[in-house]
Every structure is written in C-alpha cells, then in structure tokens.
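Per numbering that gives the first Met the number 0, the sequence shown runs over residues 0 to 289.
To start, the structure itself, in structure tokens.
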Amino acid sequence: MSSASGRSKPSRSASASTVFADNAGGYHDLKIDGYSRIKGIPAGVPIKSSPFSVGGHRWRISFFPNGDRTANSGCIALFLFLDEDVAEPLTARFEFAFMGEERASFFRSRKRTEEKVRSLPAVVTSFGSRTGRWSSGLLSTNALDSYVSKHGSLTVRCSIVVFKEFLAEEPVTPTTFVSVPPSDLHRHLGDLLQTEKGSDVVFQVGRETFAAHRCVLAARSPVFSAELFGAMKESRTQADVVQVDDIEAPVFKALLCFLYTDSLPEMRQEDEDVMYQHLLVAADSVRPVM
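Spelled out as structure tokens, the structure:
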C-alpha cells in the first residue's frame, strides 16, 4: 500500500504532520471447477464471478483462460469491474493471485508451512461508474497447472483496497514495543523426547520401545491422560511397560513427535500419503489436543 508524507526543512519554526490514506479492503476468491476442461475455450471468452462487495463497493471479476483476444492466446487475462454507479471516481489498489492447496495443520512440518501462491503485479488506478481495469502482466496458461487442486479446481483471489481519502494528523508520541522472540518450546520438548531425559513411561510397539513423559502425553491427549493417570492406571505400576497394539512403530514414533512438537518428522515424499493415512487412524485413537 502506498503512503505519502509531508516534510519541511528543519528549522526553529518548523512544523510537521503525518499524511495517511484512510482505506477499506478485503478479497474475493473465484473458484473454477474443472479448470482443465475450460483451458481450450476461444480467446475473448470470459468466466465471470458473481457480484461481491469489498471496501463498500460492488465488484465483478472476469477471467479469460485463453486471453482476452487472439493476440494474447495462450496467456490468461484478468479484468476487475466496478459493478455500480459512483458519484465520483474512486482510487483502488487491486492484485490477483492464484492460490495453491495447503495441507491441514496436522500434516505440516515446521519446514513446510507456507501456502503456495502466485501473484500478479498489483495495480493502483481509478474506477468510474461501471468501468473496469485489466490486471498487470501476462502469465502463460500452462504456468497455472501447478496451482490446480487434486480435484481439478483453480482458485483466483482478487485483493482490493479502496482509498477513501487522505487525512492529516498531528504527530503523537509513538508507543514503545518490546520485541519478544517466538517461543521455542516445541524445540525443547523435541529434545526431551529425543534424549529421553526424565522419561517415566515406556511403550512397547512391536519389537521397538519408546520412552516418553507421562505429563506431556496427558496434557496433549485425553486418552493418554486416562491411561496414565486415570482409573485405567490402577492395574499398572510406574515401572510397567505399556503394550501398544494395532499400530506400526514408525507411525507411533511420528505420533509422539507430533504430540511433543506440533509437527511431523521429515519423511520421503513417496511415503507421505501412506503415513498420513496411518496417522489419521492413530490420531483418532488418542485424540490429541490441538
């Protein structure tokens, strides 16, 4: 978002004020199902969104899968239309982006948390009554293939900021904020799991054993809480080994990692889908607290 500031040459009688833009904004997602089937439609034929409201105004999006004209065939084109009458032109900033799929948080590792997004350059321009503006830049139709979901849909996001007016304020004493580093509790708990320091319970999974900490597991799972501290504990001494059936050792190890760190260990891409299926079953059994 652009901003403007007024400055004067410093002197004993100098004064200053801050100029800022009062604005309102939001975004609208246009989801196109069966995108692969419409890639070949002729140039100049658009797919139009339903009317939507952002920044107090009514808008529409036109998406041209094969260009707005023959000369631009093979490239996508996007058009934002102000679908209402206004007393005077308004100034707005808009930007189109293509949104890739993001896995549910349970399946994310700390190293792969960014959502896949491809944005076109933002445009700042004016809109009169029932007028529109084209997006900036050209993008090949084939460049969008990696943003198509596994179900064949493509999501186009249009973000709009409407600049209402410019206001001036007298300077105020800025509030002092203390920068606080992000919590690294997950790293400390992960180290605790890996070193087994202070562990007070052992799980037998197949031929492998896993040492863990009762208090951590009880805090993260009501099932473990009942197993380790509730009525189900009465028949077990502190030194007993907990036998775990119907789950493979690598899956149980990954589950422990998630309970301690809120993330999963790195794994080969070809193993991910199978592991996620097993983890869903395991998670349903222990019901971790998110």
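No residue lacks a Cβ here, since even glycine has one placed at the ideal position from N, Cα and C.
These figures come from a predicted structure and were not determined experimentally.
Counted as a single uninterrupted DSSP element, the stretch harbouring L137 is not any alpha helix (DSSP H), since DSSP gives it neither H nor E. Scanning the stretch 22 to 51 from its first residue to its last, the whole alpha helix (DSSP H) runs of 4-plus residues come out as 34 to 37.
About 5 Å separates the beta carbons of R92 and V123, which is inside the 8 Å limit, making them a contact pair. The straight-line gap separating the alpha-carbon atoms of V44 and P64 is approximately 8 Å. Three or more Cβ pairs closer than 8 Å define a contact, and the stretch 76 to 90 falls short of that threshold against the stretch 143 to 151. In the DSSP assignment, T208 falls within the unbroken beta strand (DSSP E) covering 207 to 211. The stretch 173 to 180 makes no contact with the stretch 205 to 217, as fewer than three CB pairs between them are under 8 Å. The beta carbons of N22 and F162 sit closer together than 9 Å. Our two residues, M274 and S134, have alpha carbons roughly 42 Å apart in a direct line. Contact annotation, I37 with S48: C-beta distance approximately 14 Å; criterion of less than 8 Å not satisfied.
Residue pairing from DSSP places Q203 in a beta bridge opposite T208, Q242. Assignment of F251 by DSSP, reduced to helix, strand and coil, places it in the helix class. In the three-state reduction of the DSSP assignment, M274 falls in the helix class, which pools H, G and I. Bridge pairing for R59: F80 [DSSP]. Residue pairing by DSSP places F162 opposite N22, T90 in a beta bridge. As the crow flies, the alpha-carbon of G73 is around 24 Å from that of S158.
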